[in-house]
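Note sheet for the following structure.
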């Protein structure tokens, strides 16, 4: 097992690492192009109800959720890099078909296929990045890699809105998205993946689609993602309720918080482990939701963005590093697919529960409930997961 990991003296900023970061950045920018623009395009093309548009948007997450466990099974047993490249290529190609779609069925099919390719590419890419990182700097490397997604979250919608706002047609934006994504595919072609890692030879089983050791981490992270998903999709509506005139600034400050935490959290994890980092991250998220709920003004609104951004920027890479530290190399695909499956499920449940609860209580009260969920996650971490990680961490 030791020979499968790089020595502790190896640098983190290798050619492969840099190529994968910039590849992921371009692919993620293309992905985030559609977040603010696709609903408007669907409204214009289909002239459909909000329910129909909601179905089209949500099918993407459902298909990604379906494919992740299957992806984990196959990438543990075959060429990760080949699967990654094929999924990136198809992800880029599908963008071009949005310009041709004119019916509900066509958009539904496109979103389902696009979600499948997104689920495969993100699961495989996250596993490959773990394979090429030195074990002693895994937390730091995952934090930096995650920054590419954070930067894309800020740049993608901004570029897309500027592009469409300049008078360009939505169809041209879809083509541009595909070209940018294709750039990420080309960069990934130059990654030299290590071929010495052992493959999984266990026979197929339904239970094998999810990694048993990863489930405790994934369950706790799912609870945190419920609060993240509910906030992400309802924060604009809440801003209108409390009279905030520039809700877009929330996401900018949120991204700054994530970026700030990922610059230091990974190093602390590699040096001191997950305990204090996780406590800090979950308390920051708890505090953020409390002030978001109890201070309905600009100071509370934007302060919450930074606090929740700092906290979530710590939590995800720490949990991903923990998951990958308790499984052997031939189970990393299943481990990462398990984690991402529960993340997707948590975000989806957050959207669903927030919509249901809003019929009975206010968004401010829901956000206060989210703070309690983060405390629940913290309690579960301290009472169960700390010792579980200590007992199951691989000794290398």
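In my numbering, the protein residues as written are 856 to 1251.
For glycine and all other residues, C-beta sits at the position ideal for the given N, C-alpha and C.
Because the structure is a prediction, the values reported are computed rather than measured.
Own chain partners of residue i with C-beta closer than 8 Å, once the 5 adjacent residues on each side are dropped
i, result
"residue 862", "The predicted model places residue 862 with a pLDDT of 42, which falls under 50 and marks its position as unreliable; any figure quoted below should be read in that light. Taken in chain order, the residues that qualify are 989."
"residue 873", "none"
"residue 856", "Because residue 856 carries a pLDDT of 36, less than 50, the predicted location of this residue cannot be relied on, and the following value inherits that uncertainty. So the qualifying residues of the chain are 1183, 1184, 1249 and 1251."
"residue 983", "875, 935, 936, 939, 1046 and 1048"
"residue 959", "901, 903, 907 and 911"
"residue 926", "938, 974, 975, 978, 979, 1188 and 1192"
"residue 1233", "1133, 1134, 1137, 1138 and 1141"
"residue 1016", "891 and 892"
Residue range of the unbroken alpha helix (DSSP H) whose run includes residue i
i, result
"residue 986", "959-987"
"residue 879", "870-901"
"residue 1073", "1070-1096"
"residue 1125", "1120-1127"
"residue 1145", "1130-1149"
"residue 1178", "1153-1180"
"residue 1019", "993-1020"
"residue 932", "First-last for residue 932: undefined, no H or E at that position."
"residue 1207", "1187-1212"
"residue 1117", "1103-1117"
"residue 1043", "1025-1044"
Spatial neighbours of residue i in its chain, beta-carbon cut-off 7 Å, leaving aside the 5 residues before and after
i, result
"residue 1239", "1071"
"residue 896", "1025"
"residue 1083", "1167, 1202 and 1205"
"residue 929", "938"
"residue 922", "971, 974 and 975"
"residue 1235", "1075"
"residue 1153", "1099"
Option in the options with minimal Cα separation from residue i
i, options, result
"residue 901", "1101, 1045, 1188 and 961", "961"
"residue 979", "875, 1014 and 885", "875"
"residue 1166", "1190, 884, 1141 and 1019", "1141"
"residue 953", "907, 932, 888 and 1009", "888"
"residue 1177", "1229, 1002, 1247 and 1168", "1247"
"residue 967", "915, 956, 1201 and 981", "915"
"residue 1076", "870, 1121, 1231 and 1113", "1231"
"residue 892", "995, 1023, 1078 and 878", "1023"
"residue 1139", "1183, 1122, 1123 and 1227", "1227"
"residue 1044", "1016, 933 and 877", "877"
"residue 868", "987, 1014, 1173 and 1199", "987"
"residue 898", "924, 957, 944 and 923", "957"
"residue 1158", "1119, 1131, 1183 and 1106", "1106"
"residue 1244", "1128, 1090 and 1153", "1128"
"residue 999", "1115, 1041 and 1207", "1115"
"residue 1042", "1154, 871 and 933", "871"
"residue 1181", "1078, 1242 and 1119", "1242"
"residue 918", "1067, 1130, 1154 and 965", "965"
"residue 1130", "1179, 1237, 946 and 963", "1237"
"residue 1207", "879, 909, 890 and 1169", "909"
"residue 1179", "1014, 985 and 1212", "985"
"residue 1092", "969, 1213, 890 and 933", "1213"
"residue 894", "1001, 963 and 1119", "963"
"residue 1169", "1217, 1119 and 1216", "1119"
"residue 945", "1021, 969 and 1031", "969"
Nonlocal neighbours in the same chain, by C-beta distance under 6 Å from residue i, ignoring five residues either side
i, result
"residue 912", "none"
"residue 1097", "1151"
"residue 881", "1035, 1038 and 1039"
"residue 1222", "1144, 1147 and 1148"
"residue 1048", "936"
"residue 994", "1121, 1124, 1125 and 1176"
"residue 942", "972, 975 and 976"
"residue 1018", "1028"
"residue 1094", "1102"
"residue 865", "989"
"residue 1078", "1228 and 1232"
"residue 1225", "1082 and 1144"
Contact under 9 Å by Cβ, residue i with residue j
i, j, result
"residue 1197", "residue 997", "no"
"residue 1273", "residue 1219", "Missing from the structure shown is residue 1273; the chain here goes from 856 to 1251 and no further."
"residue 950", "residue 1029", "yes"
"residue 1117", "residue 931", "no"
"residue 1069", "residue 883", "no"
"residue 886", "residue 1007", "yes"
"residue 1200", "residue 920", "yes"
"residue 1173", "residue 1210", "no"
"residue 1085", "residue 1164", "no"
"residue 1065", "residue 1192", "yes"
"residue 1161", "residue 1109", "yes"
"residue 1011", "residue 948", "no"
"residue 1189", "residue 924", "yes"
"residue 1081", "residue 1156", "no"
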